[in-house]
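Colleague:
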Amino acid sequence: MALPLHATTGEKIWYYAFRTICGLIFFFLIAPIIVVIPLSFNAVPFFTFTEAMLTFDPAGYSLKWYQDFFTDLNWQGAVKNSFIIAVFSTLIATALGTVAALGLSRPEMPARTMIMGILISPMIVPLIIAAAGMFFFYSDIGLASTHIGVILAHAAMGTPFVVITVTATLVGFDHSLTRAAAMLGANPTRTFFKVIVPLILPGVISGALFAFVTSFDEVVVVRFVGSYQQRTIPWAMFSGLREQISPTILAVATLLVILSVLMLTTVELLRRRSDRIRGIDQ
Amino acid sequence: MKTLFKKTLIATAVSVGVVGTASAKDLVIVSWGGAYTASQQNAYHEPYMASNPDIKIINDDSGNDAVAKLRAMAEADNWSWHLVDMVASDAILSCDEGLIDEVDHDAILAAAPDGTPATEDFGNLIVSPCFIPQIVYSTTFGYRTDLVKAAPTSIADVFDLEKIPGKRSLEKKAINNLEWALLADGVAPDQVYDLLGTDEGVAQAFAKLDTIKDQVIWWEKGAQTPQLLADGEVVMGSTYNGRLFSVIEEEKQPIAMMWDWQVFDLDGWVIPKGAPDKDEVLKYVKFATDTQRLADQAKFISYGPARASSAPLVGKHATLGIEMGPHMPTNPENARNTLVYNYEFWADNVDDLNERFTAWLNQ
Amino acid sequence: MTSATATDANPAGTGEVMTADGVPLRISLARARRRSRNRALLLVAPLFLFVLITFFIPILSMLFRSVENQIVGETLPHTVEALQQWDESGGDLPPEEVYAALVEDLRIANETKTAGKVGRRMNYEKSGFASLFRTTARRIKRIEAPYKETLIKAKKDWGELETWQVLKRESDAYTLSYYLAAVDFSYTPTGEVLKLPDDRSLYVGLFWRTIWMSLLITVLCLILAYPISYLLSTLPVKTSNLLMILVLLPFWTSLLVRTSAWIALLQKEGVINDLLVWVGLIGDEHRLTMIHNATGTIVAMTHVLLPFMVLPLYSVMKTIPPSYMRAARSLGATPFMAFVRVYMPNTVPGIGAGALLVFIISIGYYITPALVGGQSGTLISNFIAYHLSISLNWGLAAALGTILLVLVLALYILYDKIVGIDNMKMG
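Residue numbers (the working numbering), protein chains in the order written: chain Y, 1 to 282; chain A, 1001 to 1363; chain V, 2001 to 2427.
1. Residues of chain A with a CB under 7 angstroms from the CB of Y2124(V): which are they?
2. In the DSSP assignment, find the unbroken beta strand (DSSP E) run with P1133(A) in it and report its ends.
3. Contact check, S2201(V) vs L2194(V) under 8 angstroms by CB: the rounded distance?
4. Could you give the distance in angstroms between the alpha-carbon of L1229(A) and the alpha-carbon of G10(Y)?
5. Can you find the residues in the same chain that come closer than 8 angstroms, C-beta to C-beta, to A1111(A), ignoring five residues on each side of it along the sequence?
6. May I ask you to report which of helix, strand or coil DSSP gives A181(Y)?
7. With a cut-off of 8 angstroms, does the C-beta of G2128(V) fall near any C-beta of chain A?
8. Quick test of your reading: I33(Y) and V257(Y), contact by CB under 8 angstroms. State the CB separation rounded to the nearest angstrom.
9. Can you check whether the C-beta of Y15(Y) is within less than 8 angstroms of a C-beta belonging to chain A?
10. Counting only Cβ pairs nearer than 9 angstroms, list the residues of chain A close to S246(Y).
11. What residues of chain A sit near A144(Y), judged by a beta carbon separation below 9 angstroms?
12. Please report the straight-line C-alpha distance between L1353(A) and Q2085(V), rounded to a whole angstrom.
13. Apart from the five residues just before and just after A208(Y), which ones in its own chain have a Cβ nearer than 7 angstroms to its Cβ?
14. Measuring alpha carbon to alpha carbon, tell me which residue in V2072(V), V2044(V) and S2089(V) is nearest M116(Y).
15. Could you pull the start and end residues of the alpha helix (DSSP H) that T1037(A) belongs to?
16. Which parts of the stretch 1272-1347 of chain A are runs of the alpha helix (DSSP H), unbroken and 4 residues or longer, counting only runs that do not cross its ends?
17. For chain A, check one thing: does any of its Cβ atoms lie closer than 8 angstroms to the Cβ of Y61(Y)?
18. Mind checking whether A2398(V) and R2065(V) have CB atoms under 8 angstroms apart?
19. Can you grab the Cα-Cα spacing for the pair E2192(V) / A2181(V), in whole Å?
20. Please classify N1124(A): is it buried, with 16 or more other beta-carbons within 10 angstroms of its beta-carbon, or exposed?
21. Determine, using beta carbons only, whether L953(A) and A1308(A) come nearer to each other than 8 angstroms.
22. Going by DSSP, which residues form a beta bridge with P2024(V)?
23. Residues in the stretch 2289-2320 of chain V with C-beta within 7 angstroms of chain Y's C-beta atoms, listed in sequence order?
24. What does the Cβ neighbour count give for Q1134(A), buried or exposed, with the cut at 16 atoms within 10 Å?
25. Would Q1363(A) be called buried (16 or more neighbouring beta carbons within 10 Å of its own) or exposed?
26. Which residues in chain Y have a C-beta closer than 7 angstroms to the C-beta of W2262(V)? List them in chain order.
27. Does the Cβ of K2417(V) have 16 or more other Cβ atoms within 10 Å, making it buried, or fewer, making it exposed?
28. Roughly how many angstroms lie between the CA atoms of N1176(A) and V1263(A), to the nearest whole one?
29. Flag T1291(A) as yes if its beta-carbon sits less than 8 angstroms from any beta-carbon of chain V, otherwise no.
30. Specify the secondary structure class of Y2174(V) as computed by DSSP and reduced to three states.
31. Exposed or buried, H6(Y), counting other C-beta atoms within 10 Å across all chains shown (16 or more means buried)?
32. Spatial neighbours of T2150(V) within its chain, please: C-beta separation below 7 angstroms, excluding the five flanking residues on both sides.
33. Please name the residue, chosen from G1034(A), Q1224(A) and R1243(A), that lies closest to M1328(A) on a Cα-to-Cα basis.
34. According to DSSP, is L2132(V) helix, strand or coil?
35. What are the boundary residues of the alpha helix (DSSP H) that includes W75(Y)?
36. Are there 16 or more other CB atoms within 10 angstroms of the CB of N2038(V), so buried, or fewer, so exposed?
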């Protein structure tokens, strides 16, 4: 969309105005995330820039909120729970989701759209409704306030992402490839690992990452299905924001931003790899 | 950085230990977290664990939705809590629903040092057969000394926008606000609840609240008013007296108390119906609610001990070294006009009036 | 593979093509198709069962809770039975047998500690039942025949017609009263359905506010997403990939992080107010209130949901060949006309997909409104949470949840019709 050489003045004004507007929108998107980073090094317990910070006075900055995060048992318990719950729910979601996606991608699959619609619905149903239903049902069967209960709940919510990403890698998959492998003497196991796995692996990993983030970022369901013993990082942040706002939350937020940068990079690399394998040009 | 790293390692190790070694000797005690749990840790848990090395007390900060979680436990008959700290109204509700045990107070609680039986020592604070009182707290007002035009002296001043302009914060529910509105409107204290039982009385209370509605910030958590006062977002606001104490005395903010028509409420222990190791729980409760322990808690937080016999033992704050007596809601200076939470009335009317209150808020 | 043998000649010469093992090809193919269809279903089955048990059955249990009312019949079986004979519209109090049955039931309920529970349930229908049942049960040992007289003496509410009318009305195992409450209606004691007066109506207004705010957020997202999606789709790949990070990073960043950031920005002592005071646009004492109200919810939610609008728009815009616009221009259209008449209609599928997605998500939003919404910015989800954990009226929470669920499912089906679930993509 470069500016053509013969552009009129009006077009020129529009061109720059348009780019300025876009710049502002991008700023709106990214500024809130950037702003928490310096605030987390605040020396005073407020959510705002102090004079000392603006003049780059070292006394205005401190690491004490990070120290607070790393030494506080409440936060450390939350970190531990977050990882336990996210890892196990991701494993369950990825295993079940991948297998289901393989089935859904077969041309012989009956009622494909309907089944897909049902399997994806945990992503669409409002969290509070899932939370209410799970709270009632898991209470009845004794899974409320247990790690297992929260893991199962999060796994259910993560599966749609795995199904979607893995199915996407199989779009346009030539099923004659598996037949070719079979004819060339490969048994089904070998076919699976040599032909299918390399193809779907990027989708599986990015689906797993989505499932991980879904669990890692989830706070509504865990607050109802779980109890204090299952409190996660977002839970601790949520009650911190409602109770007493301390910049420790911003320190945690900064660490989470770093985590999301890592996740984003991984998913992007995988997507490109997947496109390359399937021969789709950018 | 090195020490930070080391501390992290230790903290992680400790936290792994805490979560990882749940055994029969753990007591999971549910409370409200923050400074309140800390006061219980200092006054009750630490000394108890010191004399009972085989017991480990685990604090669970689920106080805010304890009744909901207890219901869930009851439905599954799967109980993971040993003891719960509850406000009296929640205890009455849970007792109604059969979620917690009725107790024989004289049989399970220590007598006062002079031999007065527990039921007499606690007196009429035992508001439910399931409830073991612990502290008396009050919901009252704090104001910014530097931001108000004139210092408020009575509840009527809360509703007086001319005398004291500016935003005020009130709790986002019907309880207390309706009573205060009627009192400020000149209703005699002994008629407040009779009046609130009628549609006209409720309408009168809302009409009074209407006069300040657009100047109110509604809070949901006890920490919000102190924060709003400290930030200068409001010039005055209601909250629990202990929260105001810490923002005034510990954080040295320019805030003062306005005790007129403070509402007394109670907080205490309840034992979940299916709590495991009930013998151990009862042993702990007997210790934690004796005369000395209740007086000790007042060293860490400005809530009044529920036993009459504890009052003379209340001394100085553990770290600030100031006399706690004058900061107690029960101090005669502060308690000239007080309202006691009407448990019976609110047990019947809480759903209806909260619903109406929310409808009123949304108009 | 059966297809490999399909062309073999048929030795019997009946016209039917046979496979090598002598089975007609038609049957053999059908069998193979069935087998591979079963194999496909078998692969989907584990996830299907898992989601059924961990997700759908819980939601069904919520639907059940919204009408379930067994507690009255279970706790007061004799009373309920005796009440069947009584004519509630006659204007007379129930006969002595009903009172006797109540005493019998309450004796048992007092032993099993269930009287308070039924009182709590009935208190949703009429204030006063909670203490009525609690105190009557506690005194039940002292209640003697004639029961009608002593009960009324113990608690005068037992002598009121309305008490018994409400009790009889709610003695069925299922009730619609939660749904009525969820749409601001209520029963009269005799069972007629009546709209609540305006000053007591709450939920219909809340549903409308939720829908209205979701619409507003959707429109704001569209307005903000459209230009940047257009820019991204027209820039060279290298540049657009780089700028895409600015969309994807928020997308991947924890919701709580973004909400905390908005609190830091919008609050009274926050970054934006500080900046405005510093620049001199506003005085220190006139700081803007941008949080704990509808503004806070709208700004923060627009930010949170913007990537959900950009991604589908971008993927649609990328497929529109630039030659369309050039063609329109060369046929004499002004740039504006070309854009409105040619380009925009082509982006409608993206607009539909993004708008529906954002609307569906925002209508059920809970966290952000709970943290920055204040009074005017809370949505229906916040009330469901309130009834779940604070007021403990689970029946009403379930009824409100069910209505919201129906709303969202309708939109989901619409989304499927317009966009197709198959086309949902991530990242």
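Here a beta-carbon is modelled for each residue, glycine too, at the ideal position from N, C-alpha and C.
No experiment lies behind these values; they were computed from the predicted model shown.
Modeller: Looking at the coordinates:
1. D1351
2. I1132 to R1144
3. Not really, about 12 angstroms apart at Cβ, beyond 8 angstroms.
4. 53 angstroms
5. P1117, A1118 and D1121
6. helix
7. yes
8. 6 angstroms
9. no
10. Simply none; closest approach about 10 angstroms.
11. K1069, A1072, M1073, E1075, A1076 and N1078
12. Rounded to the nearest angstrom, the two C-alpha atoms are 34 angstroms apart.
13. Exclusion of the five residues before and after A208(Y) leaves T90, T94 and V162 as the residues of its chain whose Cβ lies within less than 7 angstroms of its Cβ.
14. V2044(V)
15. G1034 to Q1040
16. 1278-1288 and 1291-1297
17. no
18. yes
19. 14 angstroms
20. exposed
21. For residue 953(A) there is no data in the structure shown, the boundaries of chain A being 1001 and 1363.
22. Its beta-bridge partners are M2018(V).
23. So the list reads H2303 and L2306, given in the order they occur along the chain.
24. Flag for Q1134(A) reads buried.
25. exposed
26. The answer, in chain order, is P32.
27. exposed
28. 7 angstroms
29. Answer no: the Cβ-Cβ gap between T1291(A) and chain V never drops below 8 angstroms.
30. strand
31. exposed
32. Closer than 7 angstroms at the Cβ level, and outside the excluded window around T2150(V), lie I2143 and E2144.
33. Checked all of G1034(A), Q1224(A) and R1243(A); the closest Cα to M1328(A) is R1243(A).
34. helix
35. L73 to L104
36. exposed
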